[in-house]
Amino acid sequence: MIITRLSTLACLLGVSIILSSTIVLSDESRQRRFFFGGDLGVAYMDITRGDKNYSDTWLYGALRAEYALCPRLLLGTEGAGWTDQVTASSSIAEDVIAVMVTARAYPMQNSDAFVKAGWGQARHRYRESSVHSDASGPAYLVALGYDIHPRASFSISYSSGDLDQETYKAVTVSAGFTF
Numbered sequence: 078m079i080i081t082r083l084s085t086l087a088c089l090l091g092v093s094i095i096l097s098s099t100i101v102l103s104d105e106s107r108q109r110r111f112f113f114g115g116d117l118g119v120a121y122m123d124i125t126r127g128d129k130n131y132s133d134t135w136l137y138g139a140l141r142a143e144y145a146l147c148p149r150l151l152l153g154t155e156g157a158g159w160t161d162q163v164t165a166s167s168s169i170a171e172d173v174i175a176v177m178v179t180a181r182a183y184p185m186q187n188s189d190a191f192v193k194a195g196w197g198q199a200r201h202r203y204r205e206s207s208v209h210s211d212a213s214g215p216a217y218l219v220a221l222g223y224d225i226h227p228r229a230s231f232s233i234s235y236s237s238g239d240l241d242q243e244t245y246k247a248v249t250v251s252a253g254f255t256f
């Protein structure tokens, strides 16, 4: 419960800093410091519920807002989701949604390679006919990536979460865009 409140507070603090900075930085003559973006990809997801373990390939999508503290360090918030639809006609639907505070750094001088870390809250929802399951808890991510263009990137990330009586682990490959 305390972790949930702390992660919610951290996310709200990050959003408030970012939103207040857009007002100050709206002057076009200043260096750009505020970025929006998204990522689309595919993930290999492993979920353990009690003594049951299952793995599958899931679709991935994320939206992010970041603020550049300096040209090589960006802080932000990210909403990410993985979904597994067995078939279009199936009554089974499953997804994991995470909201995180993130930091992205470009550690090498004059390089477009970056590392990213995040921490926040995740929720796993499972729906099948009459069976409904929801679990939530803390989650984190680490990623390596490369900006292939000022507005496009490629990354591979590892995410994990401890959600009530279950855990998830995901390795995700994604392409991103920034505007």
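If you read the sequence shown in this note's numbering, its first letter stands for residue 78, the second for the next number, and so on. Backbone N, C-alpha and C fix where the C-beta goes; we use that ideal spot for every residue, glycine too.
Whole-angstrom distance between residue j and residue i, CA atom to CA atom
{"i": "residue 138", "j": "residue 176", "result": "12 Å"}
{"i": "residue 111", "j": "residue 208", "result": "43 Å"}
{"i": "residue 184", "j": "residue 204", "result": "42 Å"}
{"i": "residue 228", "j": "residue 135", "result": "25 Å"}
{"i": "residue 190", "j": "residue 142", "result": "19 Å"}
{"i": "residue 246", "j": "residue 155", "result": "18 Å"}
{"i": "residue 99", "j": "residue 196", "result": "Because residue 99 carries a pLDDT of 39, less than 50, the predicted location of this residue cannot be relied on, and the following value inherits that uncertainty. Their backbone Cα atoms lie some 24 Å apart in a straight line."}
{"i": "residue 169", "j": "residue 202", "result": "11 Å"}
{"i": "residue 174", "j": "residue 109", "result": "30 Å"}
{"i": "residue 256", "j": "residue 216", "result": "27 Å"}
{"i": "residue 149", "j": "residue 222", "result": "14 Å"}
{"i": "residue 186", "j": "residue 125", "result": "41 Å"}
{"i": "residue 192", "j": "residue 118", "result": "18 Å"}
Residue burial classification, residue i (beta-carbon count within 10 angstroms, cutoff 16)
{"i": "residue 113", "result": "exposed"}
{"i": "residue 225", "result": "exposed"}
{"i": "residue 250", "result": "exposed"}
Residue i vs residue j beta-carbon contact at 8 Å
{"i": "residue 220", "j": "residue 233", "result": "yes"}
{"i": "residue 120", "j": "residue 159", "result": "yes"}
{"i": "residue 161", "j": "residue 133", "result": "yes"}
{"i": "residue 127", "j": "residue 242", "result": "yes"}
{"i": "residue 152", "j": "residue 146", "result": "yes"}
Other residues of its chain near residue i: CB distance less than 6 Å, five sequence neighbours each side excluded
{"i": "residue 235", "result": "219 and 248"}
{"i": "residue 212", "result": "201, 240, 241 and 243"}
{"i": "residue 123", "result": "132 and 246"}
{"i": "residue 180", "result": "152 and 194"}
Beta-bridge partners of residue i, as assigned by DSSP
{"i": "residue 183", "result": "Answer by DSSP bridge pairing: none, since residue 183 is not bridged."}
{"i": "residue 117", "result": "138 and 252"}
{"i": "residue 151", "result": "145 and 181"}
{"i": "residue 198", "result": "176 and 215"}
{"i": "residue 239", "result": "244"}
{"i": "residue 233", "result": "221 and 250"}
{"i": "residue 161", "result": "171"}
{"i": "residue 156", "result": "140 and 176"}
Proximal residues to residue i (C-beta, below 7 Å), its chain only, five neighbours per side dropped
{"i": "residue 254", "result": "114, 115, 228 and 229"}
{"i": "residue 214", "result": "199, 238, 239, 240 and 241"}
{"i": "residue 231", "result": "222, 223, 225 and 252"}
Cut-off 8 Å between Cβ atoms - residues of its own chain near residue i, not counting five sequence neighbours on either side
{"i": "residue 129", "result": "none"}
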